[in-house]
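Chains A and B supply the protein sequences, listed in that same order. Under this note's numbering, think of the first position of the first sequence as 1, with each following residue one higher. Under this note's numbering, think of the first position of the second sequence as 149, with each following residue one higher. Backbone N, C-alpha and C fix where the C-beta goes; we use that ideal spot for every residue, glycine too. Report on the following structure.
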Amino acid sequence: MSAGGAGPLSAGGAGPTGAGDLAARQAALVAALVDGAPDPPGFAADRLAATREALLRKRSGQAAAAWPLLAAGLGADWSAFACAVLAGRPVSGAFRDGWDVALAARSADRLTEGAGRELAARERTHRYDGVRPPRRRLITQVAGLFRR
Amino acid sequence: MGAAVAAAAEGPPGVLPAPVAGLGVGWRPEIAGVVARLPDLGFCEVIAESLDLRHPDRPPAGPSRGVTDLRGRGIPVVPHGVRLGLGDAEGVDPGRVAHLAACARALDAPLVSEHVAFVRAAGREAGHLLPVPRTREALDVLVEGVRRTQAELEVPLALEPIAALFDWPDDEYAEGDFLTELLDRTGALLLLDVANVHANARNRGQDPSAVLDRMPLGRVAYVHVAGGAVHDGLYHDTHLDPVPSAVLMLLEEVRERGAAPAVMLERDGRYPPAAELRGELAAIVASARLGPIPSAPSETVPSASPEPVP
Numbered sequence: 001m002s003a004g005g006a007g008p009l010s011a012g013g014a015g016p017t018g019a020g021d022l023a024a025r026q027a028a029l030v031a032a033l034v035d036g037a038p039d040p041p042g043f044a045a046d047r048l049a050a051t052r053e054a055l056l057r058k059r060s061g062q063a064a065a066a067w068p069l070l071a072a073g074l075g076a077d078w079s080a081f082a083c084a085v086l087a088g089r090p091v092s093g094a095f096r097d098g099w100d101v102a103l104a105a106r107s108a109d110r111l112t113e114g115a116g117r118e119l120a121a122r123e124r125t126h127r128y129d130g131v132r133p134p135r136r137r138l139i140t141q142v143a144g145l146f147r148r
Numbered sequence: 149m150g151a152a153v154a155a156a157a158e159g160p161p162g163v164l165p166a167p168v169a170g171l172g173v174g175w176r177p178e179i180a181g182v183v184a185r186l187p188d189l190g191f192c193e194v195i196a197e198s199l200d201l202r203h204p205d206r207p208p209a210g211p212s213r214g215v216t217d218l219r220g221r222g223i224p225v226v227p228h229g230v231r232l233g234l235g236d237a238e239g240v241d242p243g244r245v246a247h248l249a250a251c252a253r254a255l256d257a258p259l260v261s262e263h264v265a266f267v268r269a270a271g272r273e274a275g276h277l278l279p280v281p282r283t284r285e286a287l288d289v290l291v292e293g294v295r296r297t298q299a300e301l302e303v304p305l306a307l308e309p310i311a312a313l314f315d316w317p318d319d320e321y322a323e324g325d326f327l328t329e330l331l332d333r334t335g336a337l338l339l340l341d342v343a344n345v346h347a348n349a350r351n352r353g354q355d356p357s358a359v360l361d362r363m364p365l366g367r368v369a370y371v372h373v374a375g376g377a378v379h380d381g382l383y384h385d386t387h388l389d390p391v392p393s394a395v396l397m398l399l400e401e402v403r404e405r406g407a408a409p410a411v412m413l414e415r416d417g418r419y420p421p422a423a424e425l426r427g428e429l430a431a432i433v434a435s436a437r438l439g440p441i442p443s444a445p446s447e448t449v450p451s452a453s454p455e456p457v458p
């Protein structure tokens, strides 16, 4: 190795825990950060909590960009409302995240007129059952072919 | 693997040809107007996953109009991947590698960049760039991911160390040593994000200068600068806030060490008014003492061999 001082800090080969099972350890970490699974052992709980919150803030920001009228309708409450809805939900993109927030807002009677129009427009072009990702309706796909 | 990558792997540190130069900006649609009017723009970066190359004839499609306009002016555009997952233990997805390579070809890019991170596991997306443990096992995973990516690229690949709020409990290497070994084994270049260096040093209670001492600064292709904010005592690299003076001071230090050939601002939301954005760019130019931008070549740069092959 050409760089001075390069090399493992600790003498000896594999790490102290679980060498060779990086895939499983990465999966456990993602589950803890996204799905609400328990923290893997050895990590600083406060740092994982901060990462979890940062991830939710980032997702809520991206969802706001994809659903501007919904975000505007919730105003200053957007971040807290969206983060509460998205916590524990799999990461599947801002479009679906925003749709989940919109459905929660409708249930909580927090959908403003603009947000309602935004949701209705998406429901006209896409089908979303809350389980599988939103899909373009057949009519939208056909129209898209003519637009090409 | 392209000739440039092989040459970069063999060349002594400090004499690498800079693939980009001057001041750059992370191109985003929201700031396209400001970016288009910057007089001294040396290069841009575009998020690779935002380019849909399957349907170049309908929006959202191909490189955006603003990006193709910049290319038309001869301004280099660097595809910056954020979801390849070079550190994913399950390996990089060939389709994602192919997309990154297609972006580089479509933009006639001088290089491509990605992160030293993992982004998904067991079919679950993290939605975030997550740190890998600094272990031999993770190093082998990264080397394999980088090599598979380089094999499809015709231009050099630069790797960006991320800002992370936590570390793995079983780290075996200091960050600089881990990066040096990764670059030595792959011939990749370094995308040095000074905001990430600041964030990690602050959150780990380290001296950022000492961190830089161990970084492979001779291999810097270009530098990222971004804003952040402190929440609950931790510095978050948000890309939504102004660039703190501490980050600009670190940029100055990197420049003094001769490792800031090209520097760009990353902003991903809460976009400030144009004057404020231009002010941040001017501060970067001053801190990095970026000279006048070399006039852009009018002819098309051949993408296969950006430097002479002996």
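Length of the line joining the Cα atoms of residue i and residue j
i: residue 437 of chain B; j: residue 405 of chain B; result: 12 Å
i: residue 385 of chain B; j: residue 231 of chain B; result: 18 Å
i: residue 182 of chain B; j: residue 108 of chain A; result: 40 Å
i: residue 85 of chain A; j: residue 110 of chain A; result: 13 Å
i: residue 373 of chain B; j: residue 277 of chain B; result: 17 Å
i: residue 401 of chain B; j: residue 345 of chain B; result: 12 Å
i: residue 134 of chain A; j: residue 100 of chain A; result: 11 Å
i: residue 313 of chain B; j: residue 198 of chain B; result: 26 Å
i: residue 341 of chain B; j: residue 73 of chain A; result: 36 Å
i: residue 114 of chain A; j: residue 291 of chain B; result: 50 Å
i: residue 391 of chain B; j: residue 64 of chain A; result: 23 Å
i: residue 222 of chain B; j: residue 201 of chain B; result: 21 Å
i: residue 271 of chain B; j: residue 92 of chain A; result: 11 Å
Test: residue i CB closer than 7 Å to a CB of chain B
i: residue 140 of chain A; result: no
i: residue 125 of chain A; result: no
i: residue 6 of chain A; result: Here residue 6 of chain A scores only 38 on pLDDT, less than 50, and its place in the model should not be relied on; the value that follows carries that caveat. Residue 6 of chain A counts as touching chain B.
i: residue 44 of chain A; result: yes
i: residue 47 of chain A; result: yes
i: residue 22 of chain A; result: yes
i: residue 112 of chain A; result: no
i: residue 91 of chain A; result: yes
Local Cβ density within 10 Å of residue i, reported as buried at 16 or more and exposed below that
i: residue 60 of chain A; result: buried
i: residue 432 of chain B; result: buried
i: residue 178 of chain B; result: exposed
i: residue 76 of chain A; result: exposed
i: residue 139 of chain A; result: exposed
i: residue 378 of chain B; result: exposed
i: residue 266 of chain B; result: buried
i: residue 236 of chain B; result: buried
i: residue 216 of chain B; result: exposed
i: residue 145 of chain A; result: exposed
i: residue 142 of chain A; result: exposed
i: residue 185 of chain B; result: exposed
i: residue 274 of chain B; result: buried
i: residue 136 of chain A; result: exposed
i: residue 423 of chain B; result: exposed
i: residue 129 of chain A; result: exposed
Whole-angstrom C-beta distance between residue j and residue i, which should lie under 8 Å
i: residue 410 of chain B; j: residue 196 of chain B; result: Not a contact, Cβ separation roughly 18 Å.
i: residue 337 of chain B; j: residue 369 of chain B; result: 4 Å
i: residue 365 of chain B; j: residue 329 of chain B; result: Not really, about 15 Å apart at Cβ, beyond 8 Å.
i: residue 142 of chain B; j: residue 435 of chain B; result: As displayed, chain B neither begins before 149 nor continues past 458, which places residue 142 of chain B out of reach and without an answer.
Minimum Cβ-Cβ distance from residue i to chain A less than 7 Å
i: residue 269 of chain B; result: yes
i: residue 384 of chain B; result: yes
i: residue 237 of chain B; result: yes
i: residue 420 of chain B; result: no
i: residue 406 of chain B; result: no
i: residue 313 of chain B; result: yes
i: residue 191 of chain B; result: no
i: residue 317 of chain B; result: yes
i: residue 417 of chain B; result: yes
i: residue 262 of chain B; result: no
Contact with chain D by residue i, beta-carbon distance below 7 Å
i: residue 274 of chain B; result: Considering every chain present, this structure includes no chain D. Its protein chains are A and B.
Next on the checklist: For the structure I just gave you, are there three or more beta carbon pairs, one from the stretch 21–33 of chain A and one from the stretch 74–86 of chain A, closer than 8 Å?
Outcome noted: No, they do not touch.
Checklist entry - Should the stretch 29–37 of chain A be regarded as contacting the stretch 59–74 of chain A, the criterion being three or more beta carbon pairs within less than 8 Å? => result Contact between the stretch 29–37 of chain A and the stretch 59–74 of chain A is not established, with fewer than three Cβ pairs separated by less than 8 Å.
Checklist entry - Taking contact to mean at least 3 C-beta pairs separated by less than 8 Å, is the stretch 306–316 of chain B in contact with the stretch 258–272 of chain B? => result Counting Cβ pairs under 8 Å, three or more are found: they touch.
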